[in-house]
Amino acid sequence: MAKRLLICYAHPDDESFGSGAMIAKYVAEGVEVYYLCATDGDRGTIPTEMANLYPSVRELRLAELECAARVLGFKQVFALGYKDSGMMNSEHNADPACLWYQYQHCPQDVVRRVVEVMRRVRPHVVLTFNKYGGYGHPDHIAIQRATEQAFHLAGDAQYASSLSPWKPQKLYYGALPTSFLRFLLWMLRLRGKDPRKMGVNQDIDFQAVVDNAEPVHARVKIVGFLKAWDEASACHKSQGGGGTMARFPAWLRRLLYRHQGFTRVVPRPLSDAVDENDLFAGVIAD
Ligand SMILES: [Zn+2]
116 MAKRLLICYA HPDDESFGSG AMIAKYVAEG VEVYYLCATD GDRGTIPTEM ANLYPSVREL
176 RLAELECAAR VLGFKQVFAL GYKDSGMMNS EHNADPACLW YQYQHCPQDV VRRVVEVMRR
236 VRPHVVLTFN KYGGYGHPDH IAIQRATEQA FHLAGDAQYA SSLSPWKPQK LYYGALPTSF
296 LRFLLWMLRL RGKDPRKMGV NQDIDFQAVV DNAEPVHARV KIVGFLKAWD EASACHKSQG
356 GGGTMARFPA WLRRLLYRHQ GFTRVVPRPL SDAVDENDLF AGVIAD
């Protein structure tokens, strides 16, 4: 039977920017990879020249996701259709249709939707964001919490739904390359920039990103899949298509992106050291 991986992230682009090479690698190895994308990314700012291409930002972002899904070879995409919440403390957080609002007011409904995807896909391995949602985006934090709760409930026979229970075997958070980030932090300070006010709207606290990074337990080799990573990222043209990384010289990228790290949440590691090179290590696929 095929091994199955379910990735639970928040926006059309999180899959490509964050995990494009890893997804391409597992698809190439015959793993069925599924993507649960919680929101439509409709709060994403887009270049003015792209504004008339689609009737709405939502449709543009979903079309970009479709492009990336084709490049990466997802078996299926589950778009839950919540509205994007914007950054933390923005006025959009109060929109009742957004994921952050929904998760604050009726978390059990969000969790149920994730459980249902888990029971449909029956993944052996589940991947989501770390507890800080990578860089503190409320949608990332909401889907991380809902995914972790759903991971424990999906296999619980007492948790009623029309779908049969399914217990995934492993849960991971995407880890951050902390030594590289610490280097960037040092560079920012050197250039007189405030790392707590980064991003276009100065609403990303880069120091907090580094402070909230979690230990790496799995180091997965991705170096052979950088091209697929670029191609999938390029689909998200409205979001910069992967930014400056794709323009780094190939030798530097091969050096920086030999491996990607993951934090193993279930089963809990005995110590915080790298002890795997495959998310499916020890998995019994049935
Ligand atoms: Zn995102």
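Counting from 116, one number per residue, gives the positions in the sequence shown under the working numbering.
Backbone N, C-alpha and C define an ideal beta-carbon position, used for all residues, glycine too.
query: Rounded straight-line distance, which links the Cα of residue 306 to that of residue 202; result: 25 Å
query: Residue burial classification, residue 312 (beta-carbon count within 10 angstroms, cutoff 16); result: exposed
query: Three-state secondary structure assigned by DSSP to residue 231; result: helix
query: Buried or exposed (CB count within 10 angstroms, at least 16 for buried), residue 239; result: buried
query: The beta strand (DSSP E) enclosing residue 182, as first and last residue numbers; result: That residue, residue 182, is in no beta strand (DSSP E); its alpha helix (DSSP H) goes 172-187.
query: Residue 155 beta carbon near ligand 3 (any heavy atom closer than 8 Å); result: For the structure depicted, ligand 3 is absent and the ligand set comprises only ligand 1.
query: Contact under 9 Å by Cβ, residue 259 with residue 246; result: yes
query: Among 321, 207, 118, 153, nearest to residue 293 - alpha-carbon criterion; result: 321
query: CB of residue 276 within 9 Å of CB of residue 226, strictly; result: no
query: Residue 218 beta carbon near ligand 1 (any heavy atom closer than 8 Å); result: no
query: Simplified DSSP state of residue 221, which is helix, strand or coil; result: coil
query: Sequence-distant residues of the same chain with beta carbon closer than 7 Å to residue 182, five excluded per side; result: 350
query: C-alpha distance - residue 354 paired with residue 299, whole-angstrom precision; result: 21 Å
query: Contact the segment 185-197 vs the segment 162-170: 3+ CB pairs below 8 Å; result: no
query: Inter-residue Cα distance where the pair is residue 175 and residue 169; result: 6 Å
query: Whole-angstrom distance between residue 194 and residue 152, CA atom to CA atom; result: 5 Å
query: Distance cut-off 8 Å: residue 197 Cβ against heavy atoms of ligand 1; result: no
query: Any non-hydrogen atom of ligand 1 closer than 8 Å to residue 320 Cβ; result: no
query: Residue 148 versus 210, 232, 171, 212, residue with shortest Cα-Cα distance; result: 232
query: heavy atom of ligand 1 below 8 Å from residue 124 C-beta; result: yes
query: Nearest candidate by alpha-carbon position, reference residue 132, set 357, 288, 389; result: 357
query: At least three beta-carbon pairs within less than 8 Å, the segment 276-290 to the segment 385-398; result: yes
query: Per-residue DSSP class, three states only, for residue 315; result: coil
query: Residue 262 - containing alpha helix (DSSP H), residue span; result: 253-268
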